[in-house]
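Notes for the one structure printed next.
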Amino acid sequence: MADLSIQSSSYQTQPRAGDQQRSPQSNEAAKEFEAMFLAQTFEQMFSTVDMGSFSGGHAEKMWRSVLSQEYADAVAESGTTGISRSISGMLSAYDTQTKSK
302 MADLSIQSSS YQTQPRAGDQ QRSPQSNEAA KEFEAMFLAQ TFEQMFSTVD
352 MGSFSGGHAE KMWRSVLSQE YADAVAESGT TGISRSISGM LSAYDTQTKS
402 K
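Right under this line is the structure:
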(Lines of atoms letter the chains of each structure in order from A and count residues from 1; the text may use other names and numbers.)
(Lines give C-alpha, C1' and ligand atoms only; values in the text may rest on other atoms or scores of the structure.)
Protein backbone atom coordinates (compact mmCIF):
# COMPACT_ATOMS: atom_id res chain seq x y z
CA MET A 1 0.00 0.00 0.00
CA ALA A 2 1.32 3.44 -0.87
CA ASP A 3 2.50 5.85 1.79
CA LEU A 4 0.04 8.75 1.69
CA SER A 5 1.79 10.94 4.25
CA ILE A 6 2.43 14.56 3.43
CA GLN A 7 6.14 14.91 2.68
CA SER A 8 6.49 18.63 2.08
CA SER A 9 7.68 20.65 5.05
CA SER A 10 5.70 23.65 3.79
CA TYR A 11 2.52 21.94 5.01
CA GLN A 12 3.80 21.48 8.55
CA THR A 13 2.77 24.03 11.12
CA GLN A 14 5.48 25.76 13.07
CA PRO A 15 5.46 25.53 16.88
CA ARG A 16 4.31 28.66 18.66
CA ALA A 17 5.44 30.06 21.98
CA GLY A 18 2.36 28.88 23.94
CA ASP A 19 2.44 25.32 22.58
CA GLN A 20 4.90 24.08 25.21
CA GLN A 21 2.64 25.23 28.07
CA ARG A 22 -0.27 23.05 26.99
CA SER A 23 -0.82 19.81 28.81
CA PRO A 24 -0.40 16.53 26.92
CA GLN A 25 -3.98 15.62 27.87
CA SER A 26 -5.43 18.75 26.26
CA ASN A 27 -3.28 18.23 23.16
CA GLU A 28 -4.47 14.63 22.81
CA ALA A 29 -8.13 15.53 23.39
CA ALA A 30 -7.89 18.32 20.84
CA LYS A 31 -6.29 16.02 18.26
CA GLU A 32 -9.00 13.40 18.79
CA PHE A 33 -11.71 16.05 18.39
CA GLU A 34 -10.08 17.31 15.20
CA ALA A 35 -9.93 13.77 13.77
CA MET A 36 -13.60 13.16 14.63
CA PHE A 37 -14.65 16.46 13.04
CA LEU A 38 -12.61 15.81 9.91
CA ALA A 39 -13.94 12.25 9.58
CA GLN A 40 -17.51 13.56 9.56
CA THR A 41 -16.52 16.23 7.05
CA PHE A 42 -14.86 13.69 4.75
CA GLU A 43 -17.87 11.36 4.98
CA GLN A 44 -20.19 14.18 3.92
CA MET A 45 -17.83 15.10 1.10
CA PHE A 46 -17.60 11.50 -0.15
CA SER A 47 -21.39 11.11 -0.03
CA THR A 48 -21.68 13.74 -2.78
CA VAL A 49 -19.18 12.08 -5.14
CA ASP A 50 -20.73 10.06 -7.96
CA MET A 51 -18.77 6.81 -8.15
CA GLY A 52 -20.42 5.57 -11.34
CA SER A 53 -21.81 2.12 -12.12
CA PHE A 54 -19.12 0.25 -10.15
CA SER A 55 -20.23 1.58 -6.80
CA GLY A 56 -22.85 0.78 -4.24
CA GLY A 57 -23.62 -1.76 -1.63
CA HIS A 58 -23.18 -2.18 2.09
CA ALA A 59 -19.50 -3.12 1.93
CA GLU A 60 -18.57 0.02 0.04
CA LYS A 61 -20.34 2.21 2.59
CA MET A 62 -18.47 0.48 5.40
CA TRP A 63 -15.06 0.81 3.74
CA ARG A 64 -15.72 4.39 2.72
CA SER A 65 -16.29 5.17 6.39
CA VAL A 66 -12.98 3.50 7.28
CA LEU A 67 -11.22 5.45 4.52
CA SER A 68 -12.71 8.72 5.79
CA GLN A 69 -11.49 7.96 9.30
CA GLU A 70 -7.97 7.15 8.07
CA TYR A 71 -7.82 10.34 6.03
CA ALA A 72 -9.02 12.31 9.05
CA ASP A 73 -6.44 10.69 11.35
CA ALA A 74 -3.64 11.47 8.88
CA VAL A 75 -4.68 15.11 8.50
CA ALA A 76 -5.13 15.55 12.26
CA GLU A 77 -1.73 13.99 12.94
CA SER A 78 -0.05 16.31 10.43
CA GLY A 79 -1.39 19.35 12.29
CA THR A 80 -2.01 21.29 9.10
CA THR A 81 -5.53 22.57 9.80
CA GLY A 82 -4.89 24.32 13.11
CA ILE A 83 -8.11 22.97 14.63
CA SER A 84 -6.39 20.98 17.36
CA ARG A 85 -4.09 23.90 18.18
CA SER A 86 -7.09 26.20 18.70
CA ILE A 87 -9.01 23.64 20.77
CA SER A 88 -5.94 22.83 22.87
CA GLY A 89 -5.38 26.52 23.52
CA MET A 90 -8.97 26.95 24.67
CA LEU A 91 -8.75 23.89 26.93
CA SER A 92 -5.50 25.14 28.46
CA ALA A 93 -6.99 28.60 29.03
CA TYR A 94 -10.01 27.02 30.69
CA ASP A 95 -7.77 24.86 32.92
CA THR A 96 -5.69 27.89 33.91
CA GLN A 97 -8.80 29.93 34.64
CA THR A 98 -10.44 27.24 36.78
CA LYS A 99 -7.23 26.53 38.72
CA SER A 100 -6.80 30.21 39.59
CA LYS A 101 -10.24 30.41 41.23
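First residue of the sequence shown? That's 302 in this note's numbering, and the numbers climb one at a time after it. C-beta atoms are modelled at their ideal positions from N, C-alpha and C, and glycine is treated no differently.
Contacts around residue i, its chain only, beta-carbon distance under 6 Å, and the 5 residues preceding and following it disregarded
| i | result |
| --- | --- |
| E344 | S369 |
| D396 | none |
| W364 | none |
Cβ separation of residue i and residue j, assumed to be a contact under 8 Å, to the nearest whole Å
| i | j | result |
| --- | --- | --- |
| K332 | A394 | With 8 Å as the limit, K332 and A394 do not qualify as a contact, their Cβ atoms being about 17 Å apart. |
Counted within 10 angstroms of its Cβ, other Cβ atoms place residue i as buried (16 or more) or exposed
| i | result |
| --- | --- |
| E329 | exposed |
| G356 | A quick correction: the sequence has Ser, not Gly, at residue 356. Looking at its Cβ environment, which holds fewer than 16 other Cβ atoms inside 10 Å, S356 is exposed. |
| S324 | exposed |
| S348 | exposed |
Cβ neighbours of residue i in the same chain (closer than 8 Å, five flanking residues each side left out)
| i | result |
| --- | --- |
| T382 | E335, L339 and V376 |
| S354 | none |
Candidates the options, of which the one nearest residue i by Cα
| i | options | result |
| --- | --- | --- |
| Y372 | M337, S385 and V350 | M337 |
| S327 | A360, W364 and R386 | R386 |
| M346 | A360, S366 and S401 | S366 |
| T342 | E361, D374, A360 and H359 | D374 |
Neighbourhood of residue i by C-beta, 7 Å cutoff - its chain only, sequence neighbours within 5 removed
| i | result |
| --- | --- |
| I384 | E335 and F338 |
*Ranges of the alpha helix (DSSP H) found wholly within the segment 327-395, counting only runs of at least 4*: Runs found: 359-379.
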